[in-house]
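Undergrad:
Residue numbers (this note's numbering): 4 to 103.
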C-alpha cells in the first residue's frame, strides 16, 4: 500500500471518524458490513484526494452495489455516506484540492 499524502489523510480521517470506525469497532456490526467497510477503505487508499472525493460522490449517487450496502448500513443502525454529505461537501471541495 502506498503512503497517503496530507490531503488523502484528512479525507480518510474524516471518513474513519464519521463512518468507518463506528462500524469496525462495533460488536453488533455484521461480518458482511465490516468486510464491506474494509474493502471501501482499501479502494479509497488506492486513490489520490481527487479520486477519493469522486469515489465518495459515486457512493452517494449510487451504484447497484452501493445502494444495497447503504441499505445494510442503515438496517444495522450505522451512519452512511449520505449522513456526512453536508460536512464532507464543505470540507472537501475544489478549494481544498487546489491548496498546496
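Don't be surprised by glycine CBs; every beta carbon is placed ideally from N, CA and C.
1. Can you tell me whether residue 9 is buried or exposed? The criterion is at least 16 other CB atoms within 10 Å of its CB, across all chains shown.
2. Buried or exposed, going by whether 16 or more other CB atoms sit within 10 Å of the CB of residue 59?
3. Which of the three DSSP states, helix, strand or coil, is assigned to residue 87?
4. Less than 8 Å between the CB atoms is what I'm expecting for residue 95 and residue 14, so what's the real figure, rounded?
5. Just the C-alpha distance for residue 82 and residue 22, rounded to the nearest angstrom, thanks.
TA: On the basis of the supplied data:
1. In the chain shown, residue 9 corresponds to position 6, counting from 1. It is exposed - the Cβ of residue 9 has fewer than 16 other Cβ atoms within 10 Å.
2. Taking the chain shown and counting its residues from 1, one reaches residue 59 at position 56. Residue 59 should be labelled buried.
3. Position 84 of the chain shown, counted from the start, is the residue given in the question as residue 87. In this structure, residue 87 counts as helix in the three-state DSSP scheme.
4. Taking the chain shown and counting its residues from 1, the one referred to as residue 95 is at position 92. Taking the chain shown and counting its residues from 1, the one referred to as residue 14 is at position 11. Residue 95 to residue 14, Cβ: 6 Å. Contact.
5. Residue mapping note: residue 82 aligns to position 79 of the chain shown, counting from 1. Residue mapping note: residue 22 aligns to position 19 of the chain shown, counting from 1. Distance between the alpha carbons of residue 82 and residue 22: 6 Å.
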